[in-house]
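Working notes for the structure below.
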Amino acid sequence: MINKFIPEGVADINYDEYEKISAMENSVLDVFRSAGYRQILTPSFEYFDLFSDGDVSVNTEDMYKIIDTNGKIMVLRPDATIPIARMVATHYRESSGAVKLMYLTNVFRSADYRAGGRREFRQAGIECFGTDSPETDAEIITTAIDAVQKCGFRDLTTEIGNAEYFKGFMQEMKSAGMFSGPEEERELRSMMETKNIPGIRKYCEEHSIEEKYASVLMELPVMYGTITEVLDHAYRTAINDQMREAVENLRNIADRLNATADLTADMSLIGSMDYYSGMIFRIYLKESGAIVGSGGRYDRLLKKFGKNIPAAGFGLNINLLYEASLTEEDTGSVLNIALGKGRLADITIEKLKEAGIEFPDYTKKSRKLIFTDKTGRYRIIFVKAVDVGIYVEKGACDVGVIGKDTLLESASDVFEMLDLGYGKCIFAVAAPKGFQYNPRKKLRVASKYPRVAKEFFAKSGRSIEIIKINGSVELAPLVGLSDVIVDIVETGNTLKENGLEVVEPITDISARFIVNCASLKTKQAQVTELIRLLRERTEQ
Ligand code: PRP
Numbered sequence: 028m029i030n031k032f033i034p035e036g037v038a039d040i041n042y043d044e045y046e047k048i049s050a051m052e053n054s055v056l057d058v059f060r061s062a063g064y065r066q067i068l069t070p071s072f073e074y075f076d077l078f079s080d081g082d083v084s085v086n087t088e089d090m091y092k093i094i095d096t097n098g099k100i101m102v103l104r105p106d107a108t109i110p111i112a113r114m115v116a117t118h119y120r121e122s123s124g125a126v127k128l129m130y131l132t133n134v135f136r137s138a139d140y141r142a143g144g145r146r147e148f149r150q151a152g153i154e155c156f157g158t159d160s161p162e163t164d165a166e167i168i169t170t171a172i173d174a175v176q177k178c179g180f181r182d183l184t185t186e187i188g189n190a191e192y193f194k195g196f197m198q199e200m201k202s203a204g205m206f207s208g209p210e211e212e213r214e215l216r217s218m219m220e221t222k223n224i225p226g227i228r229k230y231c232e233e234h235s236i237e238e239k240y241a242s243v244l245m246e247l248p249v250m251y252g253t254i255t256e257v258l259d260h261a262y263r264t265a266i267n268d269q270m271r272e273a274v275e276n277l278r279n280i281a282d283r284l285n286a287t288a289d290l291t292a293d294m295s296l297i298g299s300m301d302y303y304s305g306m307i308f309r310i311y312l313k314e315s316g317a318i319v320g321s322g323g324r325y326d327r328l329l330k331k332f333g334k335n336i337p338a339a340g341f342g343l344n345i346n347l348l349y350e351a352s353l354t355e356e357d358t359g360s361v362l363n364i365a366l367g368k369g370r371l372a373d374i375t376i377e378k379l380k381e382a383g384i385e386f387p388d389y390t391k392k393s394r395k396l397i398f399t400d401k402t403g404r405y406r407i408i409f410v411k412a413v414d415v416g417i418y419v420e421k422g423a424c425d426v427g428v429i430g431k432d433t434l435l436e437s438a439s440d441v442f443e444m445l446d447l448g449y450g451k452c453i454f455a456v457a458a459p460k461g462f463q464y465n466p467r468k469k470l471r472v473a474s475k476y477p478r479v480a481k482e483f484f485a486k487s488g489r490s491i492e493i494i495k496i497n498g499s500v501e502l503a504p505l506v507g508l509s510d511v512i513v514d515i516v517e518t519g520n521t522l523k524e525n526g527l528e529v530v531e532p533i534t535d536i537s538a539r540f541i542v543n544c545a546s547l548k549t550k551q552a553q554v555t556e557l558i559r560l561l562r563e564r565t566e567q
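Heads up, the final residue of the sequence shown is numbered 567 in my numbering, and it's a clean run with no missing numbers.
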C-alpha cells in the first residue's frame, strides 16, 4: 500500500483554513500595495552558494538541499530576502530611486518538528531598495504594524533596536585588543542574542576583559523597555560615535512613528541574520506573546551582488498570525514558572518562599502538577526536568529553572538571564580507574547528554561513537558498553562507588533562570521583578 503519511513539520490545509489564511494574506498584501509596493516572486529553489556565504548566513544545516542532474547543490528557499536582493542586483541595475517590492512566498527551513516546529511556512513581506533615510525605516515599521492590525490584531507591541550599536561596541573591543578572532565574536554575539548573562560574565572573567568593556557587555542584555529610557541609557553607555549614531538613528525613527504605537526598545536586538546593518524591529502580539513579524535594514547585502545600494524590509509569518487568530489566549497576569521535578525543585521553592512567594498547597509528596501562590500572581508548573527548556521556549511557561547541563543539551531558544548559584556540579568525562586513551581506536562514549559530548570531543578533533542512554550511565563502561562516560558529577560518590574517576572536566554547571523571549517583553514588570528577587538570593 502507498505510504499515506506526510512528513513531520508540514501540513495539509483544508478549505476552511485556506479561506481564512487567504483572506489574511489578501489583507496584508492590500496594505503593502497601498504603501506603493509591487509584487514579485523568486524561484522556489536556488543555488546553495547564494545562501552559504558566511556573511549572509542562514544556518546551512537548516537548509533543504537538492542535487541537480548536473551535480550542483541547490536549496529550497530558506530565506525570502536574499533571493530578492539577488534579483534586484541583477534586473534593476539601471534603476535610480527607491525600488519597492513585496512578496508572498513559502519558506523552508529544518526545525525541530518533534517540538512542533514547522519546516514550511508562508511569509509575506516588503523590501525597499535605494533609500536609507529614517523616513523609509519609519514607513517600513508603520506598514508592518498596519498589516498586522488589518488582520484583526489591535493589541501589539513593536520593539526596535539597532545592529550598529553592538557592532560599534565590538569594533571598540577589537581596537583595544580585547578579542582575537571571528570565533570569539560569534560566541559573544550568540550570548547577546540569548541574553545569556551568566555566560557573558564567565567570558569576561576567562578572557580578562577590562572593566570598561565588561560593564557594557553586562548591561546590554538588560537594556530593554520604554523607548525614551532605553535610548537615554544607551546613549550614556555608548563609547564611540558608531554607537551614538545608532541611538540617534533610533530616536529619529521613533519620532516619525505614530505616537499611539506601543513602542519599546531593546539594544541587544542584533538580528539572527548577519546581514542586518542598522535598525531592527519585531512585532509581538500582546495576547499570545507571539513574535509574528520582524525586519530591519541590511545596507551591505547588495554589495555582495555587485550593486552597492541600501535596503530594508520585513517579513510576517502568516502561519503564526493565523494560529494567533484562533487562540483566545489570555496570558493574564499570572506568571507561569516551569520547574523540573527532582534536584532543583525543593531549593527553588525555598528561594521563592524567602522572596515572599509562597505556595501553600505544595508538599514534596503531592502528585499535583500545578500550584498557585498565595497572591495568585505566580504559578509553578511541574514538568520533567529535561522538558523545562521546551515549555519555556514554546511559551507554555513564561520562565523556568533548569540545570545548565539540561539547557546545554536541549539547546532551547530562550533567554538565559540568571545563574542561580545552586545545583552546582561539573560536566566531566569519566572512566574506570587506570583508563588509557588509545588514539588509534574510536572512543565509545556513553551519555545522557549526546550533544554536549559530541561538541566537546569535536573541539579537540577526536573521533567518537556516542551511545545515548537515559540513566545510571556509570554502568556503561563497567559492562563494556562504552570506554568512557560524559556525565554530571556532584559529590563524586556515584563515580567512587563504581570504581570510576574523572578523566577530563568539561565545564561547571549550576541552575539557571530562563525566560521565554516574548514573555520578557509582554510580562516585563513581573519577569524583571522575579529576576530581581532571585538575584538578591543568589551568590552573585
Ligand atoms: C546523576 C548523574 C550521576 C550522579 C552524580 O544521576 O548522572 O549518576 O547524579 O551525582 P554524585 O556525583 O553526587 O554522585 P541522577 O541521580 O540524576 O540519576 P540517573 O543516573 O538515573 O539519571
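Ideal Cβ placement from N, Cα and C applies to all residues, glycine included.
Quick caveat: nothing in here was measured; it's all calculated off a predicted structure.
(request) Mind listing, in chain order, the continuous beta strand (DSSP E) runs of no fewer than 3 residues lying wholly within the segment 137 to 183? (result) Counting only runs of at least 3 residues, the segment 137 to 183 fully encloses the following beta strand (DSSP E) elements, listed from N- to C-terminal order: 147 to 156.
(request) Compare the beta carbon distance of residue 554 and residue 425 with 8 Å and say whether it is the shorter of the two. (result) Here residue 554 refers to the residue found at position 527 when the sequence shown is read from its first residue. Here residue 425 refers to the residue found at position 398 when the sequence shown is read from its first residue. Yes, these two residues count as a Cβ contact at 8 Å.
(message) Let's see if you can read the secondary structure: which residues bound the beta strand (DSSP E) around residue 251?
(response) On the sequence shown, position 224 is the one that residue 251 refers to. Element bounds for residue 251: 251 to 253.
(message) For residue 455 and residue 441, I'd like the C-alpha separation in whole angstroms.
(response) Counting from one through the sequence shown, the residue named residue 455 turns up at place 428. Counting from one through the sequence shown, the residue named residue 441 turns up at place 414. Approximately 25 Å, taken between the alpha carbons.
(message) Under DSSP, the beta strand (DSSP E) around residue 199 begins and ends at which residues?
(response) On the sequence shown, position 172 is the one that residue 199 refers to. Residue 199 -> not in any beta strand (DSSP E); alpha helix (DSSP H) instead, spanning 190 to 202.
(request) May I ask which residues mark the beginning and end of the alpha helix (DSSP H) holding residue 63? (result) The count along the sequence shown starts at 1 and reaches residue 63 at position 36. It is not in any alpha helix (DSSP H) - residue 63 carries neither H nor E in the DSSP assignment.
(request) Could you have a look at residue 535 and say whether DSSP puts it in helix, strand or coil? (result) One-based indexing of the sequence shown puts residue 535 at position 508. Three-state result, residue 535: strand.
(request) Can you check the segment 350 to 418 for any beta strand (DSSP E) of at least 3 residues that lies completely inside it and give the ranges in chain order? (result) 362 to 368, 397 to 399, 405 to 411
(request) Give the DSSP bridge partners of residue 322, in chain order. (result) Counting from one through the sequence shown, the residue named residue 322 turns up at place 295. Residue 322 pairs with 308, 341.
(message) Strictly by DSSP, which residues pair up with residue 186?
(response) For the purposes of this step, residue 186 is identified with residue 159 of the sequence shown, where counting begins at 1. Paired residue(s): 291, 309.
(message) Let me check understanding here. Comparing Cα to Cα, which of 46, 177, 488, 381 lies closest to residue 343?
(response) Reading the sequence shown from its first residue, position 316 is the one you call residue 343. Selected option, being the one with the closest Cα: 177.
(request) Output yes or no for whether 8 Å exceeds the beta carbon distance between residue 340 and residue 167. (result) To locate residue 340, count along the sequence shown from 1; it is residue 313. To locate residue 167, count along the sequence shown from 1; it is residue 140. For residue 340 and residue 167, yes; Cβs fall inside 8 Å.
(message) So the candidates are 128, 270, 126, 346; which of them puts its Cα closest to the Cα of residue 147?
(response) Indexing the sequence shown from 1 puts residue 147 at position 120. Looking at the Cα atoms, 346 is the closest of the given residues.
(request) Work out the CA separation of residue 465 and residue 531 for me, nearest whole Å. (result) Numbered from its first residue, the sequence shown carries residue 531 at position 504. Numbered from its first residue, the sequence shown carries residue 465 at position 438. Approximately 15 Å between the Cα atoms of the pair.
(message) Tell me the DSSP secondary structure of residue 348 in three-state form.
(response) By 1-based counting over the sequence shown, the position of residue 348 is 321. Residue 348: helix per DSSP, three-state reduction.
(request) Please say whether residue 337 and residue 488 have beta carbons closer to each other than 8 Å? (result) As a first step, residue 488 is located in the sequence shown; it is residue number 461 there, counting from the start. As a first step, residue 337 is located in the sequence shown; it is residue number 310 there, counting from the start. No, these two residues do not count as a Cβ contact at 8 Å.
(request) Work out the CA separation of residue 470 and residue 39 for me, nearest whole Å. (result) As a first step, residue 39 is located in the sequence shown; it is residue number 12 there, counting from the start. As a first step, residue 470 is located in the sequence shown; it is residue number 443 there, counting from the start. Roughly 44 Å between the two C-alpha positions.
(message) Taking 7 Å as the cut-off, is the beta-carbon of residue 515 closer than that to any non-hydrogen atom of the ligand PRP?
(response) Counting from 1 along the sequence shown, the entry for residue 515 is found at position 488. For the ligand PRP, at least one heavy atom lies less than 7 Å from the Cβ of residue 515.
(message) Taking contact to mean 3 or more Cβ pairs, one atom from each stretch, closer than 8 Å, check whether the segment 288 to 305 and the segment 234 to 254 are in contact.
(response) yes
(request) Output yes or no for whether 8 Å exceeds the beta carbon distance between residue 329 and residue 151. (result) Stepping through the sequence shown from its first residue, residue 329 is reached at position 302. Stepping through the sequence shown from its first residue, residue 151 is reached at position 124. In this structure, residue 151 does not lie closer than 8 Å to residue 329 by Cβ.
(request) Tell me whether the beta-carbon of residue 190 lies closer than 8 Å to the beta-carbon of residue 297. (result) In the sequence shown, residue 190 corresponds to position 163, counting from 1. In the sequence shown, residue 297 corresponds to position 270, counting from 1. In this structure, residue 297 lies closer than 8 Å to residue 190 by Cβ.
(message) Quick check on the DSSP output: the beta strand (DSSP E) that includes residue 219 runs from which residue to which?
(response) Within the sequence shown, the letter at position 192 stands for residue 219. It is not in any beta strand (DSSP E) - residue 219 instead sits in the alpha helix (DSSP H) that spans 209 to 220.
(message) Under 7 Å: does the beta carbon of residue 518 sit that close to some heavy atom of the ligand PRP?
(response) Translated into the one-based positions of the sequence shown, residue 518 becomes position 491. True, at least one ligand heavy atom lies under 7 Å from that Cβ.
(message) Using 8 Å as the cut-off, can you tell me whether the segment 195 to 214 makes contact with the segment 302 to 322, which would need three or more C-beta pairs spanning the two stretches below that distance?
(response) no
(message) Can you tell me whether residue 434 sits near the ligand PRP, meaning its C-beta is under 7 Å from at least one heavy atom of the ligand?
(response) Translated into the one-based positions of the sequence shown, residue 434 becomes position 407. Not so, every heavy atom of the ligand PRP lies at least 7 Å from the Cβ.
(message) Can you tell me whether residue 531 sits near the ligand PRP, meaning its C-beta is under 7 Å from at least one heavy atom of the ligand?
(response) Locating residue 531 in the sequence shown gives position 504, counting from the first residue. The answer is no for residue 531.
(message) Rounding to the nearest angstrom, what Cα-Cα distance links residue 365 and residue 385 in this structure?
(response) Working through the sequence shown from its first residue, we reach residue 365 at position 338. Working through the sequence shown from its first residue, we reach residue 385 at position 358. Going from the Cα of residue 365 to the Cα of residue 385 covers about 15 Å.
(request) Could you check if residue 37 is buried or exposed, using at least 16 other CB atoms within 10 Å of its CB as the buried criterion? (result) Position 10 of the sequence shown, counting from 1, holds the residue named residue 37. Exposed: under 16 other Cβ atoms inside 10 Å.
(request) Could you spell out where the alpha helix (DSSP H) holding residue 74 opens and where it closes? (result) Position 47 of the sequence shown, counted from the first residue, corresponds to residue 74. Where residue 74 is concerned, there is no enclosing alpha helix (DSSP H), although the beta strand (DSSP E) it sits in stretches over 72 to 74.
(request) Thinking residue 192 and residue 274 are a contact (beta carbons under 8 Å), I'd like their distance in whole angstroms, please. (result) For this step, residue 192 is matched to residue 165 along the sequence shown. For this step, residue 274 is matched to residue 247 along the sequence shown. That pair is a contact at about 7 Å.
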